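Protein chains in written order, with the working numbering: chain C, 4 to 353; chain Y, 4 to 353; chain U, 4 to 353; chain G, 4 to 353.
All C-beta atoms, glycine included, are put in the ideal place defined by N, C-alpha and C.
In this text the structure is predicted, and so the values were computed from the model without any measurement.
The structure under discussion appears below in the form of structure tokens.
Number of protein chains: 4
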Amino acid sequence: MIIVLKPRSDTRVIKHVLERIEALGLKPHLSEGVARTIIGVIGDESKLSALPFQAIEGVEQVVPILKPFKLASREFHPEGSAFDIKGVRIGGGGLAVIAGPCAIESEELLFEIAARVRAAGANILRGGAFKPRTSPYSFQGLGRDGLKMLQAAGERFAMPVVTEVMDPRQIEMVVEYADILQIGARNMQNFDLLKECGRTRKPVLLKRGMSASVKDLLMSAEYVLSEGNRQVILCERGIRTFEDSTRNTLDLSIVPNLQGQSHLPIIVDPSHGTGRPDLIPAMARAAVAAGADGIHIEVHSCPERALSDGPQALVPDQFDRLMREIQALADLFGKTITSRTGEAVACARS
Amino acid sequence: MIIVLKPRSDTRVIKHVLERIEALGLKPHLSEGVARTIIGVIGDESKLSALPFQAIEGVEQVVPILKPFKLASREFHPEGSAFDIKGVRIGGGGLAVIAGPCAIESEELLFEIAARVRAAGANILRGGAFKPRTSPYSFQGLGRDGLKMLQAAGERFAMPVVTEVMDPRQIEMVVEYADILQIGARNMQNFDLLKECGRTRKPVLLKRGMSASVKDLLMSAEYVLSEGNRQVILCERGIRTFEDSTRNTLDLSIVPNLQGQSHLPIIVDPSHGTGRPDLIPAMARAAVAAGADGIHIEVHSCPERALSDGPQALVPDQFDRLMREIQALADLFGKTITSRTGEAVACARS
Amino acid sequence: MIIVLKPRSDTRVIKHVLERIEALGLKPHLSEGVARTIIGVIGDESKLSALPFQAIEGVEQVVPILKPFKLASREFHPEGSAFDIKGVRIGGGGLAVIAGPCAIESEELLFEIAARVRAAGANILRGGAFKPRTSPYSFQGLGRDGLKMLQAAGERFAMPVVTEVMDPRQIEMVVEYADILQIGARNMQNFDLLKECGRTRKPVLLKRGMSASVKDLLMSAEYVLSEGNRQVILCERGIRTFEDSTRNTLDLSIVPNLQGQSHLPIIVDPSHGTGRPDLIPAMARAAVAAGADGIHIEVHSCPERALSDGPQALVPDQFDRLMREIQALADLFGKTITSRTGEAVACARS
Amino acid sequence: MIIVLKPRSDTRVIKHVLERIEALGLKPHLSEGVARTIIGVIGDESKLSALPFQAIEGVEQVVPILKPFKLASREFHPEGSAFDIKGVRIGGGGLAVIAGPCAIESEELLFEIAARVRAAGANILRGGAFKPRTSPYSFQGLGRDGLKMLQAAGERFAMPVVTEVMDPRQIEMVVEYADILQIGARNMQNFDLLKECGRTRKPVLLKRGMSASVKDLLMSAEYVLSEGNRQVILCERGIRTFEDSTRNTLDLSIVPNLQGQSHLPIIVDPSHGTGRPDLIPAMARAAVAAGADGIHIEVHSCPERALSDGPQALVPDQFDRLMREIQALADLFGKTITSRTGEAVACARS
């Protein structure tokens, strides 16, 4: 941590800051210059962050040097993490292709969509039973009935399943049916939810909040990790910007950015990231070319009848075409889309 | 709702859209032009929003006309709402001055701060017992012990108290001690939490999310209102922008913007909105001049020893000076800062 | 400047960085810790910024300490600057009230509006002769004819006049007619234009770019100042954010933020800052309460017939009402709205 | 255009709006509903946009239907545009690889870099002679001397050259030496500069402004096109968001977004878009996978000695490796990197 003092700080201020640092058992380094005096402290920043140096009169600026996350950092775990979820590998060369409807609406529809995405090459099935809707008057999901349908579809088509959990009180139920717990963008800083998910032993798919910085995302991952759950998969799904022709702005640079500082796998959701089916295939290809460990795509047999987010879903035929491109890119970059049985999915290759 | 078709749409598409509208029992108005065909539907937009017209092939754009919130709208409730909370009036000419420490750290400190802010003219006491901290390694609050201290301080200094609730499982406990439930920015779209707060009969202070639009904020208020709780107080606390010299960008235009379309009171929090004590007084004055129904200020006797957000707190002397300016502005604009006994607070007048 | 090295940097890297610093005639301070090595350099940062230390292999982060602007800084000029423009004082307790139509459309209309705003208490007249329009098919301004009308109206109603200059080739002409040169938001980083305005001796009204940070704005002011023109007036006019119910988000915290680090006067334009007449009065009041040195308001007798930005103009009656509030706030905060003759404008007092 | 009236509008307002529309020779369609009355006008929106309907009292909202750009639209020119610049094809399957230093610093250095990027597979050389620097104290470019060096390097290594023009007064000079005129992000709405570039017959590389929407970018292209210059190449280079770990946020979704509504080629600049060499290769690959018509990369032999933007340049070895990946992606997607002689560049294939 670097503490920069205001111009013309008197010795009383300098002494006060030095004492506060030494009281923590740390050693300050003083550099006095013509324009500014700076005090460097190298050591356990967690001790330092306990003290709001910024609030000391005479302090102009405090610059943290060490990253505030630990378990999520690549320094802590230099190798990239890879998880095996019922035979599906995410990270370490394994590419996750998560597909399915936004919301689970009926067993028939879910099975129809699951059959199509599995045939096209997806290896994980998604579907929402609890839906975070902006309006209290919108469809809120089927709850436990939806979870049962999702589990059944996963069994039938040999795919692990992922579904969102919104409330700590739902976790016990969701854990019964789902293979992966999703924490949605709106709950990325719902810290009680993060902690409770951290106490399960299910992999957690943690979506980036709409205005979360890369550091914020890693701090939220740290909440899960610090409870003992090491299986966190990060997910970029677009951030809020001034651009209004897309639902969000998909920030693909987060892929190499995260890979440089964290060992956790990172997947990309171009469905929420753009909100426009005409842009999803290009962004899915771009995500894989950027090095993502997976993609997350909403697919619906009849988007115009979907009860949630229909306008941003691909139809199965579009998903088929996309998967042929994704498979070609996976081949080019040496990635494998493994199925639940641990073998490469064959059907997407045309 | 206006549905704009793509250029050169054939009659099959037009017929399909018209049929979907009529199937909902609504009447479409067709306007065919050279460049575009548009279909207007005036009626119950809640029926319309159930159908994702955007997903119909041939549809270029869907423009909603009616606002998606109802109970929060000024059309529903043309008079501005005003709440009386233990004698303190918010809205309808009553100015709330909410002050106190970020986190409750000890009874002694809380009482010391409460005494000072009450003497300066604050009429509501704040303090956090459950703290949403970015880092799992930061101080997380004293929980029930903190709530007890807060209640005691409120009794001692005759101020209703407000505190944050982060998890639906905490509500039962918090309701025992607090007069107002605060929903923090990070939980503005924690819909289960909103619903549970809506089921209590305590006033709810709903803070705007860091990237929430004005409409999003009102939709979240709608979640609380639609559960039967009519006492929602909105709070601007800054949004995330590219500007990095302040913690957030305080969007004061939300004050008249909300007042034009909603009847709910709106208060402003310049402490989180700027994150800088040197900017708080100017922004508090601006908020009152803009017509806000209250301000929310963090005050700490010794910011450099605070366990949470110390750098953004005013010290009591600064708060004293600010309150003299706030009182003068309240007088100018005909607003009253009422105390718990229903009388105007006198002490802030210099 | 602080240079933070990557973890486990070897001595070769450290030596290389130290040598580069010493080659500039500066003295580095080395602090080696367990987690990181940091090198502080205190001295002439302009020398340092010539070298891209960030590009040196082994360097993790470079943290500048000194501000990159000089002539605009309060350290350079501790007293706030105040300018006297034909008797109108801006800064130092003088409040500028700049009003007039967006574009100069005809002499008759301009005189009509000028008479009304002068009577209401404005002390500077604005009007555009060269209009930066998003579309090449929109009205682009009357050019020299418009400038002549503006000068005549200024003479007739005893107000100095301000108008925008968009192209270095226009400056010679505009200087003939205008008392203040305005640089619009879209040209805030048109550096050749800044330099040319800096070579005139006319005051410059520099508007903040739509995505300019506070630092960027001051760096643009520095371009004008470094050419020898000391009369720069800064202007906040809203920034681009995700919020789409207003044209821009007016960032009022820039007022105290700038006042803390710069001596230049700062005025606020709520017309462009909100784009909505229903929000302008509240934001104008808030600007004055925040401590601004002036406001900038578009007024049009018949907004629905305006050739540019009609929807965001106040009508004269609205401006009259606003000015009564502004005058009351000026009185409260000890500010004076001086007219061209150096006396306080009387007519706005009701 | 759709005009939505406020609730409970009386017939006088409706009549007034209808008359204004009919006065323009257009035919309004009136739809009266319970909650709102809406008036649709289909026809020449350029006529309509002349009238600020928003400013009419009683009007709640005005919704444009047609896009405000024409010559840039795909409706105007359904085939994608492709340009041949001295044998280098951009668009229509031709992939531009623009590389070179940020600023031209010396002939020796420029030739060294040009040789390396040409050998690696670049087909267009870039280099700045006029530099838009945030600080007036930074290196501002070599001017005409730099242009001469750039032209010579282009000749020597058989690459067309592109360089930025910042001021209308420079255009005559720059046209003598450059094959493509670049308009930088800071000047994207410098409308006089756009018009002057539109009057030349040189291709224009138009960079997106830091806070320009997709529509704003196309409107700026329209300025160039409307002067008769049909060769406009768009360039995404990152936008400003709250994320502060990258210099900008690269918005790759603009690639398919633009391709859907415009015929103009679109290239991507990950150097400015990220500001971090560790992220550039991933983003360049992603751009090509997203369907971009080219990439724009800064390369410097010794970034730590560069006079401008060194920290974001790749070194030649990194560029070599990147080009092998870009070539593989071009092959996969059927794109060709043509050299000045019209033949495919061979050297990048490993």
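Going by DSSP, what residues sit across from residue i in a beta bridge?
i	result
Ser76 of chain Y	Y:Ser265
Ile88 of chain G	G:Val91
Ile127 of chain C	C:Ile101
Leu196 of chain U	Answer is none; Leu196 of chain U lacks a bridge partner.
Val7 of chain U	U:Ile41 and U:Gln64
Ser34 of chain G	G:Ile41
Gln185 of chain G	G:Glu167 and G:Leu208
Val302 of chain G	G:Leu317
Taking the continuous alpha helix (DSSP H) assigned at residue i, which residues delimit it?
i	result
Thr244 of chain G	Thr244 of chain G -> no alpha helix (DSSP H), and no H or E assigned at all.
Pro273 of chain U	Pro273 to Thr277
Ile174 of chain C	Ile174 to Tyr180
Leu310 of chain G	Unbroken run through Leu310 of chain G: none, as it is neither H nor E.
Leu332 of chain U	Pro319 to Leu335
Lys151 of chain U	Arg147 to Phe160
Ser223 of chain G	Val217 to Leu228
Glu25 of chain Y	Thr14 to Ala26
Ile236 of chain C	Taken as a continuous stretch (DSSP letters only), Ile236 of chain C belongs to no alpha helix (DSSP H), being part of the beta strand (DSSP E) at Val235 to Glu239.
Val283 of chain Y	A quick correction: the sequence has Ile, not Val, at residue 283 of chain Y. From DSSP, the alpha helix (DSSP H) with Ile283 of chain Y extends over Ile283 to Ala292.
Please determine, among the options, the residue with the shortest C-alpha to C-alpha distance to residue i.
i	options	result
Ser138 of chain C	Y:Ala188, Y:Val65, Y:Pro280 and Y:Lys73	Y:Lys73
Gly146 of chain G	G:Ala331, G:Val65 and G:Met169	G:Met169
Pro206 of chain C	C:Thr166, C:Ala215 and C:Gln173	C:Thr166
Ile41 of chain U	U:Gln64, U:Leu51, U:Ala58 and U:Glu25	U:Gln64
Val120 of chain G	G:Ala85, G:Leu150 and G:Ala156	G:Ala156
Ala125 of chain U	U:Arg324, U:Gly337, U:Lys50 and U:Ser216	U:Arg324
Ile174 of chain Y	Y:Met191, Y:Ser84 and Y:Leu197	Y:Leu197
Gln321 of chain Y	Y:Lys151, Y:Asp334, Y:Pro306 and Y:Ala333	Y:Pro306
Leu113 of chain G	G:Ser248, G:Pro81 and G:Met162	G:Met162
Met191 of chain U	U:Ile183, U:Lys338, U:Leu237 and U:Pro319	U:Leu237
Lys151 of chain U	U:Pro171, U:Pro135 and U:Arg129	U:Arg129
Grab me the residues of residue i's own chain with a C-beta within less than 7 Å of its C-beta, minus the 5 sequence neighbours each way, in chain order.
i	result
Leu221 of chain C	Phe72, Ala75 and Ser265
Ala295 of chain Y	Val258, Ile269, Ile270 and Val271
Ser353 of chain G	At Ser353 of chain G the pLDDT is 34, less than 50, meaning the model places this residue with poor confidence; the figure from the coordinates comes in the next sentence. Same-chain partners within the cutoff: Arg327.
Gly337 of chain G	Gly96
Roughly how many whole angstroms lie between the Cα atoms of residue i and residue j?
i	j	result
Arg250 of chain G	Ser223 of chain G	24 Å
Ile107 of chain U	Ala117 of chain U	11 Å
Ser229 of chain U	Lys210 of chain U	18 Å
Asp219 of chain G	Phe194 of chain G	12 Å
Phe142 of chain U	Val302 of chain U	18 Å
Ile6 of chain U	Arg77 of chain Y	55 Å
Ile283 of chain C	Leu317 of chain C	8 Å
His299 of chain G	Asp312 of chain G	14 Å
Leu8 of chain Y	Ala292 of chain C	35 Å
Only counting the same chain, and skipping five residues up and downstream in sequence, which positions put a Cβ closer than 6 Å to that of residue i?
i	result
Glu22 of chain G	none
Gly149 of chain Y	Ile107 and Ala132
The beta strand (DSSP E) that contains residue i, what's its start and end?
i	result
Ile340 of chain Y	It is not in any beta strand (DSSP E) - Ile340 of chain Y carries neither H nor E in the DSSP assignment.
Using a Cβ-Cβ cutoff of less than 8 Å, which residues in the same chain neighbour residue i once the five nearest sequence positions on both sides are dropped?
i	result
Arg243 of chain Y	Met213, Ser214, Asn251 and Thr252
Gly277 of chain G	Here the sequence assigns Thr to residue 277 of chain G, which means Gly is not the residue at that position. Same-chain partners within the cutoff: Gly241, Thr249, Arg250, Asn251, Leu253, Ile283, Met286 and Gln315.
Leu153 of chain U	Ile107, Leu113, Leu128, Gly130, Ala132, Val164, Thr166, Tyr180 and Ala181
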